[in-house]
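Participant:
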Amino acid sequence: MKILITGGAGFIGSATAKQLMDRGDKAVLIDNFNNYYDPRLKRDRIKIFLKGYEKPARRGGSFKLYTGDIRDVKFLEKVFQKERPDKVIHLAAMAGVRNSLEHPALYADINIMGTVNLLELSVKHKIKNFVYASSSSVYGNNKKFPFSEKDNVDTPISPYAATKKADELLAHVYSHIYKLPTTGLRYFTVYGPWGRPDMALFLFTENIFSGKPILVNNHGKMSRNFTYVYDIASGTITTLDADLPYAVMNIGGDRENTLMEFIGEIEKNVGKKAKMKMMPLPLGDVISTVADIKKLRKLGWKPTTHIDKGIKNFVEWYQEYYGV
Ligand SMILES: NC(=O)c1ccc[n+]([C@@H]2O[C@H](COP(=O)([O-])OP(=O)(O)OC[C@H]3O[C@@H](n4cnc5c(N)ncnc54)[C@H](O)[C@@H]3O)[C@@H](O)[C@H]2O)c1
C-alpha cells in the first residue's frame, strides 16, 4: 500500500513510517519542518532514523518526502495527484498544551483548517481509510477513571484539546456524509527515542545530565499512562488496516505510572539524582490520564513496552544522538 503521512518528520510520524516500510508499504511524508522545536531533529529523523529507506529496498518499503504546509491546499492537491495514496495517516499538528494557551489562533488554523483540507482531499481522491491523531487531552478534567471513549468530552481545558475535539467532530461529518472511513486516535503521553524536546522525558533527561534542576509539576502528584512510541506506531497501523467506517479510540499504555516513578527511572538510567524544583499544576494541564484500551485491544493490539525498558531506550538514544 501507499500511505500518505502528514507530520512525517515528527516523533510519531517517523516511527509509524518506519514500521510501515518495514512491512513493505510505501510512505509519502509531508512536513513543514516548523520551528516549534529544533527542526534539525526533524531533519535527522529523516536523514538518520529513516536512512536506507529513501529508495525501494529488497523488502519493498520506501518513502518520499514533500516539504510543505497542510494549510496550503494547492500543495496538498499536487501531492495527492502525483502520489495517489491508498490511505492517509494525518498527524501534522501543533502539539503541546501549554504553548496552545499562547498561540490559540495558530493551533486553530493548523489543527482544524489543516484537517479540513485533508478530509476534503481524502474524499475527492477516494482514500480508503483516514486515521488521524486526536489526544487524551480531550478528556480534560474527566473525573471517571479509566477514561473511556464513551465518556463525555465536551469540556476541554486548553485550546489544543479543543482543536483535537473539533477534529473528531469534523471526521464524523466526513464519515457520515461521504462515507470516508475515519479513525481518531486519542494518544496518551507518548515517549521514546527521537522524542520531542518540549516533553517531560526529554527535558528531565537533559537537565539531569547537565546538573540543572527539573521542574516537577503539581509537586509530583501526577500520573500518566505513558505509551512507548513503538506501541503507538503499531496501534496506529492496526487501525489503518482495520478500515472501520467511523471510530474514535484510546491508545495508551496498560500501566499508570506516577511522575515520581517516571523520574526515578530516568535517574537510574542517567546514573545521577535529579535536583527537583516543585511547581504548581500549570494552567491547562491535567493531574491524571488513564486509558481504557479495550476497544483497540479487540482489534488485536496490545502495548508491549513499559517505562523500565522504554526509558532505557530513550536515554541510550539521547546519549548517542547528543554525544553525552
Ligand atoms: N506525542 C504525544 O504525546 C501526543 C499525544 C497526543 C496527541 N499527539 C498528536 O500526535 C500527532 C503527532 O505528534 P508528535 O508528538 O509526533 O509531534 P511532532 O511535533 O513531533 O510532529 C508533528 C509534525 O507535524 C509537522 N507540522 C506541524 N504543522 C504542520 C503544517 N502546518 N504543515 C505540515 N506539517 C506540519 C511538524 O513539523 C512535526 O514534524 C500530533 O497531531 C499531536 O497533536 C501527540
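What the sequence shown shows, in our numbering, is residues 22 to 345, in sequence order. Cβ coordinates follow ideal geometry from the N, Cα and C atoms, glycine included.
#1: Using CA atoms only, rank isn't needed, just tell me which of Thr325, Thr257, Pro303 is closest to Leu41.
#2: Runs of 4 residues minimum, wholly inside the region 63-110: which ones carry the alpha helix (DSSP H) assignment?
#3: Please tell me whether, using a cut-off of 7 Å, the distance from the CB of Arg347 to the nearest non-hydrogen atom of ligand 1 is below it.
#4: So, do the region 145-155 and the region 184-202 have three or more beta carbon pairs nearer to each other than 8 Å?
#5: What's the C-alpha gap between Lys353 and Gly117?
#6: Between the C-alpha atoms of Pro77 and Ser196, what's the straight-line distance to the nearest angstrom?
#7: Figure out for me which residue from Leu222, Ile178, Leu142 has the closest Cα to the Cα of Ser157.
#8: Beta carbon of Gly31: closer than 7 Å to some heavy atom of ligand 1?
#9: Are three or more beta carbon pairs between the region 221-228 and the region 277-293 nearer than 8 Å?
#10: Helix, strand or coil for Ala113, going by three-state DSSP, please let me know.
#11: So, at 8 Å on beta carbons, what are the nonlocal neighbours of Ile33 in its own chain, with the 5 sequence-adjacent residues on each side left out?
#12: Who are Val386's beta bridge partners in DSSP?
#13: Count the other CB atoms, across all protein chains shown, that sit within 10 Å of the CB of Met300; report buried if there are 16 or more and exposed otherwise.
#14: How long is the line joining the alpha carbons of Arg92 and Leu71, rounded to whole angstroms?
#15: Using a Cβ-Cβ cut-off of 8 Å (strictly less than) and excluding sequence neighbours within five positions of Ser83, which residues of its own chain qualify?
#16: Please give the ranges of any beta strand (DSSP E) in the region 136-203, keeping only runs that are unbroken, at least 3 residues long and fully inside the region.
#17: Apart from the five residues just before and just after Leu139, which ones in its own chain have a Cβ nearer than 6 Å to its Cβ?
#18: Tell me the rounded alpha-carbon separation between Val100 and His146.
#19: By Cβ distance below 6 Å, which residues in the same chain neighbour Asp107 in space, the five residues on each side in sequence not counted?
#20: Quick check on this structure: which residue in Lys63, Asn120, Ile308, Pro60 has the alpha carbon closest to the alpha carbon of Lys164?
#21: Given Pro234, which residues of its chain have a CB within under 6 Å of its CB, disregarding the five upstream and five downstream residues?
#22: Measuring only the C-alpha atoms, how far is Ile131 from Pro180?
Facilitator: In short, the structure shows the following:
#1: Working through the sequence shown from its first residue, we reach residue 41 at position 20. Out of Thr325, Thr257, Pro303, Thr257 has the C-alpha closest to the C-alpha of Leu41.
#2: 94-104
#3: This structure cannot speak to residue 347, because the chain is shown only from 22 to 345.
#4: yes
#5: Here the chain comprises residues numbered 22 to 345, so residue 353 is not present and cannot be evaluated.
#6: Residue numbering aside, residue 77 sits at position 56 when the sequence shown is read from its first letter. Residue numbering aside, residue 196 sits at position 175 when the sequence shown is read from its first letter. As the crow flies, the alpha-carbon of Pro77 is around 33 Å from that of Ser196.
#7: Counting from one through the sequence shown, the residue named residue 157 turns up at place 136. Measuring from the Cα of Ser157, the nearest candidate turns out to be Ile178.
#8: Counted from its first residue, the sequence shown places residue 31 at position 10. Checking the Cβ of Gly31 against ligand 1 gives yes.
#9: yes
#10: Within the sequence shown, residue 113 is the residue found at index 92, counting from 1. Note: Ala113 maps to coil in three-state DSSP.
#11: Within the sequence shown, residue 33 is the residue found at index 12, counting from 1. Closer than 8 Å at the Cβ level, and outside the excluded window around Ile33, lie Leu112, Ala154, Tyr208, Val211, Val250, Ile253, Ala254, Thr257.
#12: Examination of residue 386 is not possible in this model, given that the chain is present from 22 through 345 alone.
#13: Walking along the sequence shown from the start, residue 300 turns up at place 279. Met300 sits exposed, since fewer than 16 C-beta atoms from the chains shown fall within 10 Å of its C-beta.
#14: To locate residue 92, count along the sequence shown from 1; it is residue 71. To locate residue 71, count along the sequence shown from 1; it is residue 50. Distance between the alpha carbons of Arg92 and Leu71 is about 25 Å.
#15: What you label residue 83 is simply residue 62 of the sequence shown in a count that begins at 1. Excluding sequence neighbours, Ser83 sits near Met42, Lys47, Ala48, Tyr74, Glu75, Lys76, Pro77.
#16: 151-156
#17: Mapped onto the sequence shown, residue 139 falls at position 118. Only His111 meet the Cβ criterion.
#18: Taking the sequence shown and counting its residues from 1, the one referred to as residue 100 is at position 79. Taking the sequence shown and counting its residues from 1, the one referred to as residue 146 is at position 125. So the alpha carbons of these two residues sit roughly 11 Å apart.
#19: On the sequence shown, position 86 is the one that residue 107 refers to. Met22, Lys23, Lys149, listed in sequence order.
#20: Within the sequence shown, the letter at position 143 stands for residue 164. The option with the nearest alpha carbon to Lys164 is Ile308.
#21: One-based indexing of the sequence shown puts residue 234 at position 213. Taken in chain order, the residues that qualify are Lys296, Lys298.
#22: Within the sequence shown, residue 131 is the residue found at index 110, counting from 1. Within the sequence shown, residue 180 is the residue found at index 159, counting from 1. About 12 Å.
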